[in-house]
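Numbering (this note's numbering), first residue to last: 49 to 514. Note that beta-carbon positions come from the ideal geometry of N, C-alpha and C, so glycine has one too. Here's the structure we're looking at; comments come further down.
Structure below.
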């Protein structure tokens, strides 16, 4: 394994390779590295060494003494990441005035007088490092490789030691990791493209996190128009280096501002900008952003801690509506009695009427989640072959019911035909989830409102109101 040492006095990084077993702890590695990097200083000082894991994205983490660095490195491959290990002396602080003369230099101690004169190249590096250290917060975006602020340690080690200088192993070089991420991105973008080649079903969305990472302007995540807020939370947490946090403790909130240029330093809500509204887990941020009218200001999204008193829209009063058509309906459809609501009735796996007492699920005026990990009130929890934790969603809005698979792997059939996009259901259609869960969709109001000239057997595509 290759390790780097941050020599703050000399103003550079050193690097060495050592053999490491899978049982070696951080403490074992630190002791070996101390002999390798600084054998001449062991008797002159009492350094306190720590081992850090840094990534090109700017993430920086201090390893616990009982962790196993080799195991940590092997886990990078699982997450399609590359990184480096940096040995750092916690007591090694750069003197504020290394080149100064006079009383200030005398106070720094006698040992300072014996410090060797820096070469022209070292002086140039020192001057450049001091210049970067005084860059104001607003200009630090130029130092970042992504659309956020990288930590100083990660930025320095990747700057002094370019990425193509060393690779960890022959089988897992950083170039391969980059190519794999690029292929993953291209595959995701290909899923968004329509028949004419335009990315109409997906795109990028900026997510701000002022309350969590005030120094980072924003992060950009890739979403489809059917990706819901709970998925966006997971993606945003990973982008901000918080992937180990519990996603259920976070949420996405939308904020309206009237400024043409959104400043990341002032995205708080006030009476002029509008109310901050927390999105339900089943709402789709990218679709909301695309449907937002330009004359209503600029819509931005915030990643934040979920308020302890937050109540989902399903538990609110009818007047507490979010965006129309995104989980709550208008008064025309919201006032239907329960017996008029559309429902799913269970059938046998072959599609015939169930011999036993069939289960019946009424579809409320909101989003109904289907899957093996859906435990919320009103959701449909199913188990069996082909059923994903979050399989699909049924949306009842404006008198129509649609089904939307969460991914291409979510087996969903309408009248025996596999569907992979939002599909409008007609009364009497059969709906199959996975390999064996078959239901019949029934809309009691279908004969009255759509019986004389309704649509054909099945309509595809996202239904838009208006």
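No Cβ-Cβ contact shorter than 8 Å links residue 444 with residue 422. With a contact defined as Cβ atoms closer than 8 Å, residue 434 and residue 483 qualify at about 4 Å. DSSP places residue 255 in the uninterrupted beta strand (DSSP E) bounded by 250–256. Cβ atoms of residue 109 and residue 100 come within 8 Å of each other, at about 7 Å.
The DSSP-derived three-state label of residue 334 is helix.
Between the C-alpha atoms of residue 84 and residue 255 there is a straight-line separation of about 44 Å.
Assigned with DSSP and collapsed to three states, residue 433 falls in coil, not helix or strand. Ranked by Cα distance from residue 455, the options 231, 250 and 61 are led by 250. In the structure shown, residue 173 falls within a helical segment according to DSSP collapsed to helix, strand and coil.
If you check the CB distance, residue 261 and residue 288 come in under 8 Å. Assigned with DSSP and collapsed to three states, residue 67 falls in coil, not helix or strand. If you draw a 10 Å sphere on the C-beta of residue 234, you find fewer than 16 other C-beta atoms in it, and that means exposed.
DSSP places residue 394 in no alpha helix (DSSP H) but in the uninterrupted beta strand (DSSP E) bounded by 391–395. The beta carbon of residue 339 is closer than 6 Å to none in its chain, skipping five residues each way along the sequence. In this structure, residue 418 keeps its C-beta atom at 8 Å or more from the C-beta atom of residue 389.
In this structure, residue 334 and residue 414 do not form a Cβ contact; the two beta carbons are roughly 19 Å apart against a cut-off of 8 Å.
Here the region 277–284 makes no contact with the region 104–123; the two share fewer than three CB pairs at distances below 8 Å. Going by DSSP, residue 78 is part of the alpha helix (DSSP H) stretching over 74–85. Exclusion of the five residues before and after residue 358 leaves 299 and 326 as the residues of its chain whose Cβ lies within less than 8 Å of its Cβ. Taken through DSSP and simplified to helix, strand or coil, residue 54 comes out as strand.
Here DSSP, grouped into helix, strand and coil, assigns residue 323 to coil. Exposed is the label assigned to residue 230, since fewer than 16 other Cβ atoms lie within 10 Å of its Cβ. Excluding the 5 residues flanking it on each side, residue 81 has same chain C-beta neighbours closer than 6 Å at 51 and 135, in chain order. According to the DSSP assignment, residue 121 belongs to the alpha helix (DSSP H) that extends over 117–126. Leaving aside the five residues that flank residue 424 on each side, the residues in its chain whose CB is nearer than 7 Å to its CB run, in chain order, 417. Taking the Cα positions, residue 113 is about 33 Å away from residue 354.
Residue pairing by DSSP puts residue 101 in a beta bridge opposite 109 and 133. Just so you know, the alpha carbons of residue 481 and residue 472 end up roughly 16 Å apart.
Straight through space, the alpha carbons of residue 116 and residue 73 are spaced by roughly 5 Å. Within 10 angstroms of the beta-carbon of residue 65 lie fewer than 16 other beta-carbons, which makes it exposed.
Where residue 417 is concerned, the enclosing beta strand (DSSP E) starts and stops at 415–419. Residue burial is scored here from C-beta neighbours: residue 356 has fewer than 16 other C-beta atoms within 10 angstroms and is therefore classed as exposed.
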